[in-house]
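Just so we're aligned, residue 1 is where the sequence shown starts under UniProt numbering, counting upward by one. Presented below is the structure to which this report refers.
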Amino acid sequence: MTALRRLRRFAAGRGIALHTVQVHRAGQSVVEAACAPLTLRTPQRMYSVTKTLTGLAIGLLAGEGRLALDQPLCDHFPDLAPFHPFVAATTVRDALAMRGPHPSTTYKRYDGPWLESYFRVPPTHRPGTLFTYDTSGSYTLAALVERTAGVPLVDYLRPRLLDPIGASPGIRVLPGADGFASGGSGLICTPDDLRRLAGLLLAGGRHDGEQVVPADFVAQATSPQADTSLQGWGDELAGGYGLQTWLPRSGGWLMFGLGGQIVHGDPTRDLSIVITADTQACPQGDQQLVDLVLGRLADAWVREHDAGGPASGPEPGDADGDLEWPAPPHAAAHAVPAPGRWLPEAGGTLGDAALLLDVDAEGGTLASEGPEGWTLPFALGRPTTLPAPDLARATGVRGPAVVTAGWSAPGTLDLRVDVTGDELAVLRLRLVVDGAALTVRRQGYCEALAPGWNGSGSYAAA
């Protein structure tokens with residue numbers, strides 16, 4: 001069985017949406033696959049992969065002599081004084097290496113501006129001593145880049161890094177609550193952009209004979225700076241941390257974002273792996289994915305490349321572009337008649353809006369009335385692409401989506417919605433029809449999900 005087939009089966013068994021897969025070794029493509037309508041050039045949110053890009057911007061500024069890694073971070077933010085002694089002692093390098101004084105992201109525990117939170121939330125320990133994964137530290141580093149450079153993060157990187165490697169013109173970083181680039185999680189770019197970035201780091205910061213990022217910074221960023229052995233996020237992430245970059249147990253380096261965004265490089269094997277996905281509906285799915293890809297599949301892809309192709313020969317499902325959306329099982333024999341309009345009964349948690357269900361042997365639509373109303377067209381047993389579904393009012397999530405649906409059990413209609421906009425989201429609906437009674441459960445998996453989406457309720461035929 002090929003490595004790609006193993007990855008597909010792993011994802012299918014856990015409800016994980018594989019968006020794209022790219023594997024390159026020694027400058028040659030081993031695997032390029034995407035899940036239509038997505039392509040290797042479709043932008044999506046990359047979450048904490050952003051941290052590495054922010055770190056590289058710091059490295060470029062250091063190379064230009066505009067800041068020093070061992071300088072106290074507070075020196076660049078005198079307007080936010082006074083500082084707790086632990087915060088005052090925190091260096092730029094400490095923030096890069098996730099060895100800051102805070103136990104977790106500060107702006108999630110602070111009512112004011114995100115940048116201010118790093119300097120106002122009381123710290124718990126001396127900097128430089130413990131690995132503590134803190135996205136607010138990365139946000140502060142992005143603010144440092146923008147204050148020092150005098151331009152937005154992407155504008156600073158564009159002529160120095162992004163254009164030289166041929167990155168797409170649409171790269172952007174979402175702003176935080178107080179306007180600075182969300183340097184810990186806001187990157188929107190294409191999978192191909194990440195492949196190019198991986199190639200740059202594999203080459204020690206060089207591209208086409210030009211030293212794009214200082215070689216000494218790349219060496220520091222991809223060598224141990226913090227001990228991560230006490231974290232509980234899977235075996236590979238216990239290997240260590242560099243500067244805004246993970247150092248997995250199996251070797252090389254790793255950029256890793258929520259939902260299964262993976263950029264792995266191993267210079268000893270001239271290997272890069274870029275995977276974009278949405279694992280949010282699978283508990284600890286992103287950690288399971290990392291452990292599988294780095295711990296098992298990377299070796300298999302190296303063997304396939306060195307052997308000139310998969311040892312077992314091509315298999316259905318291994319062709320380029322042949323990834324599939326997770327979908328509920330569908331059996332036409334499970335379908336039952338469902339009256340068109342359903343009124344909510346007392347006691348439910350889904351609000352007082354009526355539901356409209358129109359379904360036949362091919363598919364149909366599910367709609368909710370009211371001020372947060374929405375309509376979901378669906379096909380049974382095959383995906384439906386929606387360029388701009390009207391789900392934002394009910395879910396808080398905007399962007400194109402893919403809907404899959406099926407009668408998964410007698411009288412049970414399941415729908416799944418994969419949203420791939422500025423936020424990745426998985427929405428699930430289960431409708432159980434019993435004559436003139438309908439029971440509904442809604443689930444959602446997304447950082448920005450509206451709190452009213454999740455819940456259950458009963459309905460009666462109108």
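Beta carbons: idealized from backbone N, C-alpha and C, even for Gly.
Cα-Cα separation, residue i to residue j
i	j	result
Glu362	Gly399	25 Å
Ser48	Ala181	13 Å
Gly317	Asp192	Model confidence at Gly317 stands at a pLDDT of 47, short of 50, so the residue's coordinates are unreliable and nothing is read from them.
Leu73	Ala142	12 Å
Val336	Pro377	18 Å
Val154	Val263	19 Å
Gly406	Ala379	8 Å
Thr148	Gly179	15 Å
Pro152	Gly112	22 Å
Asp163	Leu61	17 Å
Leu413	Arg430	6 Å
Gly184	Arg269	29 Å
Glu236	Pro339	51 Å
Thr245	Thr222	7 Å
Cys446	Leu424	6 Å
His207	Val218	13 Å
Arg6	Gly295	13 Å
Thr420	Thr52	22 Å
Ala281	Pro328	13 Å
Leu197	Glu304	24 Å
Leu200	Asp422	26 Å
Residues near residue i by beta carbon distance below 7 Å, same chain, minus five either side
i	result
Gly321	Residue confidence is low: Gly321 scores 48 on pLDDT, short of 50, so the model does not pin down where it sits. Its coordinate-derived value is still stated next. Result list for Gly321: Ala33, Ala34 and Ala36, in chain order.
Asp227	Phe131 and Gly240
Thr279	Ile16, Gly259, Gly260, Gly285, Asp286 and Leu289
Phe10	Leu292
Ala95	Leu73, Gly137, Thr140 and Leu141
Ala388	Pro400
One or two residues paired with residue i in a DSSP bridge
i	result
Phe378	Gly364
Trp253	Gly265
Gln443	Arg428
Ser29	His24
Leu458	The displayed chain sequence assigns Ser, not Leu, to residue 458. In DSSP, Ser458 forms a bridge with Thr439.
Trp342	Leu355 and Ala461
Ile275	Val21 and Ile262
Glu210	His207
Pro175	Ala181
Trp246	Tyr241 and Leu254
Gly186	Tyr47
Ala226	Tyr241
Val154	Val154 is not bridged to any residue.
Asp434	Ala437
Asp322	Cys35
Contacting residues, own chain, Cβ-Cβ under 8 Å from residue i (five flanking each side not counted)
i	result
Trp301	Ala3, Val23, Arg25, Val30, Val31, Leu271 and Ile273
Arg8	Leu18, Gly317, Leu323 and Glu324
Gly234	Gln284, Gln287, Gln288, Val290 and Asp291
Residue of the options minimising C-alpha distance to residue i
i	options	result
Thr129	Asp111, Tyr139, Thr105 and Ala97	Ala97
Gly455	Leu449, Ala461 and Arg441	Arg441
Met46	Cys189, Glu447 and Ser408	Cys189
Arg120	Phe86, Arg93 and Arg147	Phe86
Ala333	His305, Gly396 and Gly411	Gly411
Trp374	Ser138, Arg393, Tyr156 and Val417	Arg393
Leu355	Asp306, Thr439 and Pro283	Thr439
Gly166	Leu194, Tyr156 and Pro339	Leu194
residue 465	Pro169, Gly457, Ala436 and Ala437	Outside the displayed range of the chain (1 to 462) lies residue 465, so it cannot be described from this structure.
Gly435	Leu294, Ala460 and Glu447	Ala460
Gln231	Ser223, Thr39 and Arg249	Arg249
Pro101	Leu80, His125, Trp246 and Ala281	His125
Ala81	Pro103, Ser117 and Gly242	Ser117
Asp306	Gly13, Thr385 and Gln28	Gln28
Gly176	Leu157, Leu115 and Gly150	Leu115
Gly452	Asp422, Asp418, Ala409 and Leu391	Leu391
Gly396	Gly308, Gly347, Ser408 and Val426	Val426
Ala68	Pro78, Ala12, Arg93 and Ala331	Arg93
Glu210	Gln220, Leu161 and Thr91	Leu161
Pro159	Glu146, Val212, Thr39 and Asp134	Val212
Ser168	Gly309, Gln44, Val433 and Gly370	Gln44
Beta carbon proximity, residue i to chain C, threshold 8 Å
i	result
Ala198	Among the protein chains of the structure shown there is no chain C, as only one such chain exists.
Residues of its chain near residue i, where Cβ-Cβ distance is below 6 Å and the 5 sequence neighbours each way are ignored
i	result
Pro383	Trp325, Val402 and Thr404
Gly186	Thr50, Val173 and Leu174
Ala462	Arg341 and Leu343
Leu254	Trp246, Pro248 and His264
Pro103	Thr124 and Thr132
Thr385	Pro37 and Val402
Leu357	Ala338 and Leu366
Pro267	Leu202
Tyr107	Trp114, Ser117 and Ser136
Within the stretch 35 to 119, note down every full alpha helix (DSSP H) run reaching 4 residues or more, in order along the chain. With a minimum length of 4 residues, the continuous alpha helix (DSSP H) runs that stay inside the stretch 35 to 119 are 50 to 63, 85 to 88 and 92 to 96.
Can you list, in chain order, the stretches of the beta strand (DSSP E) that have 3 or more residues and sit fully within the stretch 375 to 424? Qualifying beta strand (DSSP E) stretches, in chain order: 384 to 386, 401 to 409 and 412 to 420.
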